[in-house]
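Below is one structure, written out as structure tokens, with a few remarks after it.
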DNA sequence: GCTAATTGTGGGTTTTTGTGGGTTATATGA
DNA sequence: TCATATAACCCACAAAAACCCACAATTAGC
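Chains as they are written, first to last, in the numbering used here: chain A, 1 to 151; chain B, 152 to 302.
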């Protein structure tokens, strides 16, 4: 299970070093093979260990092709998915089109999110974070399942 | 069950020594393995023994991914959760991003809160305490479940 | 009130992790 | 077929965190 936040730098060659904690999980689950794609909703990227990704792709492919939203989801999500492999130092290259989608420059933020890791530009993440924290209404309009959560 | 308040100092390396009482509880529940994350509502951190945290994470991950508030909760809560382990002296390192979130400097306050321990900057806690005490109206506008509590 | 044990604190050392850059291979297009 | 650009591979150094040990302070027991 991925969790936690890490600040990392993308180097001049567009390589991203995965922090040691995430690397262990990726190596364990898939010998360093991963899939990176875009988040269709937010301007960030999502990284999955290969096996988990294949399950997700299978589910999405089964959606009815004639439904425009399903088609859209397939184009965005599957269409942008690239296979990557970690090098000897635990780094991989982020494909340039994905870099552009998420406005990635030097400073990035990695967010562990259970089965996937999200990649944000530092700048975008900071503003996202600020608005999430300011918007205190959010907590009152939570889905029912959550109202009863205590933690 | 954690309870009680403790003042502690974070050392120059960002390490925090858990008071003996809490340490016993953590060691018993999880051999010193713990998870620290932010409180999405207040500017403080929350520490859980690993097993309890995993239950909570599982619940939160099951929330619908397309609901924006659920997503927000996942990013804040799971996104900031880091695994830590107590060293031989019962200390652990607070990840720098979390330190920043809760404005932690040297003097901290630990607050036992049942299944979790809250970590506050001493300064923030003092002002929080003052405002909680001043705002005595609060007690009259409690949710129904509480109106009937006797203690 | 003294001693002993436990707890809290500081800092040095070693190992791991992160970062940069050089070199070789591979692909692309002229 | 060759030239150029890009990506994979490899090595070396810098930084940080984990580990370990030793001492100070506090508490408890006698």
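The C-beta atom is built at its ideal place from N, Cα and C for all residues, glycine as well.
Whole-angstrom distance between residue j and residue i, CA atom to CA atom
i: residue 124/A; j: residue 190/B; result: 21 Å
i: residue 45/A; j: residue 301/B; result: 50 Å
i: residue 36/A; j: residue 201/B; result: 29 Å
i: residue 213/B; j: residue 178/B; result: 29 Å
i: residue 236/B; j: residue 277/B; result: 29 Å
i: residue 64/A; j: residue 79/A; result: 17 Å
i: residue 258/B; j: residue 252/B; result: 15 Å
i: residue 110/A; j: residue 232/B; result: 12 Å
i: residue 280/B; j: residue 155/B; result: 15 Å
i: residue 152/B; j: residue 24/A; result: 32 Å
i: residue 120/A; j: residue 43/A; result: 8 Å
i: residue 66/A; j: residue 217/B; result: 21 Å
i: residue 122/A; j: residue 255/B; result: 21 Å
i: residue 133/A; j: residue 77/A; result: 28 Å
i: residue 234/B; j: residue 286/B; result: 36 Å
i: residue 172/B; j: residue 34/A; result: 43 Å
Neighbour list for residue i in chain A, Cβ cutoff strictly below 7 Å
i: residue 177/B; result: Within 7 Å Cβ-Cβ: nothing; residue 177/B doesn't reach chain A, min ~17 Å.
Interface partners of residue i on chain A, CB under 9 Å
i: residue 229/B; result: 1, 2, 3, 4, 111, 112, 113 and 114
Within chain B, the residues that residue i reaches when beta carbons sit closer than 7 Å
i: residue 151/A; result: 207
Chain-ordered neighbours of residue i on chain B, where CB pairs are closer than 9 Å
i: residue 73/A; result: Near residue 73/A there are no residues of chain B at all, since even the closest Cβ is about 11 Å away, more than 9 Å.
i: residue 7/A; result: 247 and 248
Chain-ordered chain A contacts of residue i [CB-CB under 8 Å]
i: residue 232/B; result: 3, 4 and 112
Any 3 or more C-beta pairs closer than 8 Å across the region 87 to 98 of chain A and the region 110 to 117 of chain A: no
contact_flag[the region 7 to 27 of chain A, the region 66 to 73 of chain A] where n(CB pairs < 8 Å) is 3 or more: no
At least three beta-carbon pairs within less than 8 Å, the region 42 to 62 of chain A to the region 229 to 246 of chain B: The region 42 to 62 of chain A is not in contact with the region 229 to 246 of chain B.
Residues, ordered as in the chain, of the region 248 to 259 of chain B that lie near chain A by beta-carbon distance below 7 Å: 248
Members of the region 179 to 212 of chain B near chain A, C-beta cut-off 7 Å: 192, 207, 208, 210 and 212
Near-chain A residues of the region 160 to 173 of chain B (beta-carbon distance less than 7 Å), N- to C-terminal order: none
Secondary structure, beta strand (DSSP E): runs of 3+ residues fully inside the region 19 to 62 of chain A: 33 to 38 and 45 to 49
Any alpha helix (DSSP H) of 4 or more consecutive residues that is wholly inside the region 241 to 273 of chain B: With a minimum length of 4 residues, the unbroken runs of alpha helix (DSSP H) contained wholly in the region 241 to 273 of chain B fall at 247 to 252.
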